[in-house]
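In the numbering used here, the protein residues as written are 18 to 212.
I have placed the structure first, in the form of structure tokens, so that the comments after it can refer back to it.
Next comes the structure, spelled out in structure tokens:
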């Protein structure tokens, strides 16, 4: 179990130079934008425009703040993503245009290298003790708002935008919210090698 504090996240330019992204976690450690196996980040989007392309990568986007974004993903009908809608998964290597619904947004991006890793992203609102299973290669729990305590011999508090990172051996962790909290549970798995 690791705790990633929001104050320690790394900020860097977008791949296309159109803004700044805040990297929450990347694997392998220290990987760049072209050689990661997986990457979890947040970005503030101030205006519409094209998304950065990532060859051979699958992406999921969720809106953390703001009114939302309309994504025009090549080969699909336009999709509106808001704080209330489910995270949207799409290939990161097809042309994608973004139009803001009404002003800037902050989004969550989860990306995995196709054929090597897979991922799921789930928004969970909790107001009572909740157990998080972590059978995946990596399970990250981003606390969007509120505060949670990770139960255990030495309880750990996690505040807004902090992330709990569980490995596959953690099995199950009990989360206790101080009040209602919104979490994003990200599960990342390695693709089994073909025999």
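Ideal Cβ positions, reconstructed from N, Cα and C, are used throughout, including at glycine.
Keep in mind that this is a model prediction, so the values were computed, not measured.
The beta strand (DSSP E) enclosing residue i, as first and last residue numbers
i           : result
residue 148 : 147 to 151
residue 174 : 173 to 175
residue 140 : 134 to 143
residue 206 : 198 to 207
residue 18  : Per DSSP, residue 18 belongs to no beta strand (DSSP E) and is neither H nor E.
Helix, strand or coil at residue i according to DSSP, with G and I counted as helix
i           : result
residue 168 : coil
residue 210 : coil
residue 115 : strand
residue 95  : coil
residue 24  : helix
Among the options, nearest to residue i - alpha-carbon criterion
i           : options               : result
residue 82  : 141, 60, 132 and 128  : 60
residue 119 : 156, 78, 66 and 85    : 85
residue 142 : 177, 67, 201 and 184  : 201
residue 53  : 73, 62, 67 and 37     : 73
residue 134 : 29, 18, 204 and 169   : 204
residue 94  : 100, 76, 80 and 115   : 115
residue 125 : 105, 111, 131 and 176 : 105
residue 20  : 207, 199 and 176      : 176
Close Cβ partners of residue i (< 8 Å) along its chain, the five nearest in sequence each way excluded
i          : result
residue 27 : 39 and 40
Neighbourhood of residue i by C-beta distance below 6 Å, restricted to the same chain and skipping five residues each side
i           : result
residue 172 : 166
> Unbroken beta strand (DSSP E) runs of length 3 or more, entirely within the stretch 38 to 78: which are they?
Replying inline: Entirely contained in the stretch 38 to 78, the beta strand (DSSP E) runs reaching 3 residues are, in chain order, 55 to 62.
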